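Only one structure is covered here, and it is reproduced in the block below.
In my numbering, the protein residues as written are 1386 to 1809.
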């Protein structure tokens, strides 16, 4: 009797296991791509990859901003500005009937498009947001593949008069149009990297971007200003901080701050003296002449010897050489690139035309704070938060458009999902 019961129970277990396995297999067949907890898509082995790449890589094109110093650049693909469309094209509107914002126009002749896309023509992308019933934003996207014949008589289309400023979408940009930037499409194999190795970093070391005496003078001036301010603040706050540490001997943060303060007061005067000497020497040279690489390397060796003992305070990356600091200064000082002095233009050119996070197709780097369901979808286009374009907001580091993978491969991109890349 016992053996019969055991046999019957075993049959029941096997039957349940078979049922579960069948359901899981059916789910995978219906849903060839499921989403991880972080929001990054996980391709299934059976999923037909776009453009015939392996499951963990995709063909992609970097959308590199063209230099404002190149007046005869190719402008058949661009981000922002106005679209160039046939007269029959209707400016897209959202569910509320309000016009959408224009994001990008891509020349299909500049890329190896999926088989069922027009071989020539243009891809246009628009986006918008509406207020849902619960009072929260509901983002929308509109994508259009126009054929070569449709683009034959295309002209620039003015934006609708009732297009609101982009601040309504959440960008800081106060205009209804993003800043127009022609882009160069550079093919690469995307594996989900934040900075694909196909695009070299142009400011990884000071020697890469402090390449003439004008840049050496400017960088030294800005560093001196920050370092001298650090010394003044350290001197003014030393006595107060010493008393706080004496009253709170177990407070590690206070002790670390005091150690940092002492380091600045002990090492900064000598470094300031060397920086002034270097700055004065650099200022006396021809601004366009190449910098003395040996003297530059020696100076930064001394700067790094001071910085390496510091905690992660704002002054530390500046002592290591901060292209970001110099770039921010030049952008604020010369908002119009036509006014930028010649010695600074090679640096500005590299900052503008290098990898800035804009991409067509490819694999989006894994999200840290997104939870959207991206099952069965691929990324059509990804645009980073970029002050040059006007796509900077308070809480996002970019945005991307996603379409159903199989439909996108067939050239059906009219329905997509807009994803804001949450920084927090």
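All C-beta atoms, glycine included, are put in the ideal place defined by N, C-alpha and C. If you're wondering where the values come from, they're calculated on a predicted model, not measured in any experiment.
Check	Outcome
Separation of residue 1512 from residue 1488, as counted between CA atoms	7 Å
Delimiting residues of the alpha helix (DSSP H) encompassing residue 1535	1533-1536
Alpha-carbon to alpha-carbon, residue 1579 and residue 1440	18 Å
Closest residue to residue 1811 among 1762, 1474 and 1685 (Cα-Cα distance)	The requested residue 1811 is not part of the displayed model; the chain covers only 1386 to 1809.
Limits of the unbroken alpha helix (DSSP H) element including residue 1738	1730-1738
Entirely enclosed alpha helix (DSSP H) segments - the stretch 1524-1593, minimum 4 residues	1533-1536
Three-state class that DSSP yields for residue 1766 in the structure shown	strand
Neighbourhood of residue 1837 by C-beta distance below 6 Å, restricted to the same chain and skipping five residues each side	With the chain covering only 1386 through 1809, there is no way to say anything about residue 1837.
Burial state of residue 1500, where buried means 16 or more other Cβ atoms lie within 10 Å	exposed
Residue 1633 CB to nearest heavy atom of the ligand NAP below 6 Å	Ligands in the displayed structure: none, and consequently the ligand NAP is not present.
Beta-carbon separation (whole angstroms), residue 1545 vs residue 1476, contact threshold 8 Å	6 Å
For residue 1492, the nearest candidate out of 1720, 1446 and 1673 (CA to CA)	1446
Proximity to residue 1771 [Cα-Cα], best of 1470, 1720, 1556 and 1542	1556
Residues that residue 1802 bridges to, as DSSP identifies them	1787
From 1739, 1798 and 1802, residue whose alpha carbon lies closest to that of residue 1760	1802
Beta-carbon proximity check, residue 1763 vs residue 1785, cutoff 7 Å	no
Reference residue 1713; option with closest CA among 1745, 1448 and 1604	1604
Alpha-carbon spacing of residue 1774 relative to residue 1659, whole angstroms	39 Å
Simplified DSSP state of residue 1491, which is helix, strand or coil	strand
As assigned by DSSP and simplified to three states, the class of residue 1608	helix
Expected contact under 8 Å - CB spacing of residue 1505 and residue 1533 to nearest Å	4 Å
Rounded C-alpha distance that separates residue 1755 from residue 1523	15 Å
Span of the alpha helix (DSSP H) around residue 1712	1708-1718
Classification of residue 1367 by the beta-carbon crowding that lies within 10 angstroms, buried from 16 upward	Absent from the model: residue 1367. The displayed extent of the chain is 1386 to 1809, so no value can be given.
Spatially closest choice to residue 1574 from 1547, 1749, 1607 and 1641, by CA coordinates	1749
Length at least 4, wholly inside the stretch 1611-1672: the alpha helix (DSSP H) runs in chain order	1637-1668
C-beta atoms of residue 1568 and residue 1464 nearer than 7 Å	yes
Coarse secondary structure for residue 1702, derived from DSSP in three states	helix
Top-ranked residue by Cα proximity to residue 1727, from 1597, 1449 and 1470	1597
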